[in-house]
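Position one of the sequence shown corresponds to residue 1 (the UniProt record's numbering), numbered consecutively onward. We treat Cβ as the ideally placed atom computed from N, Cα and C, and that holds for glycine. The block underneath contains the structure these notes are about, expressed in C-alpha cells.
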Amino acid sequence: MRIVPAAYDHPDAVKLNDMVQQEYAERYGDEGDITPLAPEMFRPPNGLYLIAYDAADRPVATGAWRARDSGGEGYRDGDAEIKRMFVVREVRGQGLARRLLALLEEDARQAGRIRMVLETGIAQPEAIALYESSGYTLTEKFGLYRCHDSSRCYAKPLR
Numbered sequence: 001m002r003i004v005p006a007a008y009d010h011p012d013a014v015k016l017n018d019m020v021q022q023e024y025a026e027r028y029g030d031e032g033d034i035t036p037l038a039p040e041m042f043r044p045p046n047g048l049y050l051i052a053y054d055a056a057d058r059p060v061a062t063g064a065w066r067a068r069d070s071g072g073e074g075y076r077d078g079d080a081e082i083k084r085m086f087v088v089r090e091v092r093g094q095g096l097a098r099r100l101l102a103l104l105e106e107d108a109r110q111a112g113r114i115r116m117v118l119e120t121g122i123a124q125p126e127a128i129a130l131y132e133s134s135g136y137t138l139t140e141k142f143g144l145y146r147c148h149d150s151s152r153c154y155a156k157p158l159r
C-alpha cells in the first residue's frame with residue numbers, strides 16, 4: 001500500500017469520505033458524522049490528511065489529524081485530533097489502519113502536539129480494539145458528540 005498526503009477535498013478523499021459516512025449511517029442509524037470539517041483544518045503544520053492506495057492505485061483508506069486547543073468543547077491545548085480513519089471493507093485486517101495511525105501520531109508529534117485524541121462510538125468495536133491496542137485510553141469526553149451516550153473518547157500522550 002502506498003500512503004500519501006492529500007487535501008481533504010481531493011476527489012479520492014471525497015469518495016472515501018462518502019463511503020465512511022455511509023458506514024456511520026448504517027452503524028448508527030443516522031446521517032453520519034456531522035462534525036464540521038474543512039480542508040484547511042488538515043493543512044500542515046496544523047494537520048495532515050492521508051490517503052492509502054492499493055497496488056492497482058485505488059484509494060482504499062484515509063486518516064487525518066487536526067490541531068485542537070482548549071475551548072468550549074473539552075479539548076486541551078496541544079491536542080491533535082484523529083479524524084476520518086477509514087479502511088474499505090475489502091482490505092481490512094491487513095494492518096493498514098495501524099500504519100496510518102502511526103504516521104499520523106508521528107506527524108502530530110513533529111508538529112509539536114502533545115496529546116492525540118479521538119472520538120469513536122460503541123458501534124465501532126474494531127476501531128475501539130485498534131485504539132486500545134495502540135495505547136489509547138478512555139478520557140473525558142470532548143467535541144461535538146461529548147454528550148452522546150454512544151460516544152467514547154480516547155487519548156494518548158505524544159511525548
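Can you give the Cα-Cα distance for residue i and residue j, rounded to whole angstroms?
i    : j    : result
L48  : V117 : 14 angstroms
R76  : I114 : 10 angstroms
Q21  : E31  : 7 angstroms
Y145 : P125 : 17 angstroms
A111 : A102 : 14 angstroms
R27  : A129 : 17 angstroms
K141 : G71  : 13 angstroms
Which residues does DSSP pair with residue i in a beta bridge?
i    : result
P157 : R115
With distances taken from CA atoms, which of the options is nearest residue i?
i    : options               : result
N46  : A55, T35, G78 and R58 : G78
R2   : L100, Y28 and L138    : L100
Y131 : V14, C147 and E105    : E105
R68  : C147, D57 and E81     : E81
Quick test of your reading: residue i and residue j, contact by CB under 8 angstroms. State the CB separation rounded to the nearest angstrom.
i    : j    : result
R66  : M41  : 4 angstroms
Y53  : P59  : 6 angstroms
G143 : G74  : 7 angstroms
T123 : S151 : As written in the sequence, residue 123 is Ala, which differs from the Thr given in the question. At roughly 11 angstroms, the Cβ-Cβ gap does not stay under 8 angstroms, so A123 and S151 are not in contact.
A97  : A61  : 7 angstroms
Subject >> Ranges of the alpha helix (DSSP H) found wholly within the UniProt domain "N-acetyltransferase" (1-159), counting only runs of at least 4 >> reply: Whole alpha helix (DSSP H) segments, 4+ residues: 11-28, 96-110 and 125-133.
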